[in-house]
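*Asks:*
In the numbering used here, the protein residues as written are 23 to 103.
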């Protein structure tokens, strides 16, 4: 369970970074305005990635709820499910 929690944390960080980079692009600040073009080009060519990142962010945050509950139960000595 802890490994799944760590994977979800990594997914949240990555998805939030990508989504906030797209959001910053709208207001001319952030990651996509400071990184070199060869790095940002694949992201800018596929603007649908911002919605994929937002969906992954929301999905990972919702998935953390039962994972955290299972981790708490394991710490208390109960069965995880």
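Backbone N, C-alpha and C fix where the C-beta goes; we use that ideal spot for every residue, glycine too.
Determine the direct distance from the alpha carbon of residue 46 to that of residue 68, and round the result to whole angstroms.
*Replies:* Those two C-alpha atoms are separated by around 16 Å.
*Asks:* Does the distance between the C-beta of residue 93 and the nearest non-hydrogen atom of the ligand ADP fall short of 7 Å?
*Replies:* In terms of ligand content, the structure shown is empty, and the ligand ADP therefore cannot be addressed.
*Asks:* Check the C-beta distance from residue 92 over to residue 33 and give it rounded, since I have them as a contact under 8 Å.
*Replies:* At roughly 17 Å, the Cβ-Cβ gap does not stay under 8 Å, so residue 92 and residue 33 are not in contact.
*Asks:* Would a check of beta-carbon distances place residue 81 closer than 8 Å to chain B?
*Replies:* The structure shown contains no chain B; it is built from a single protein chain.
*Asks:* In whole angstroms, what separates the C-alpha of residue 58 from that of residue 98?
*Replies:* If I take the Cα positions, the gap works out to 49 Å.
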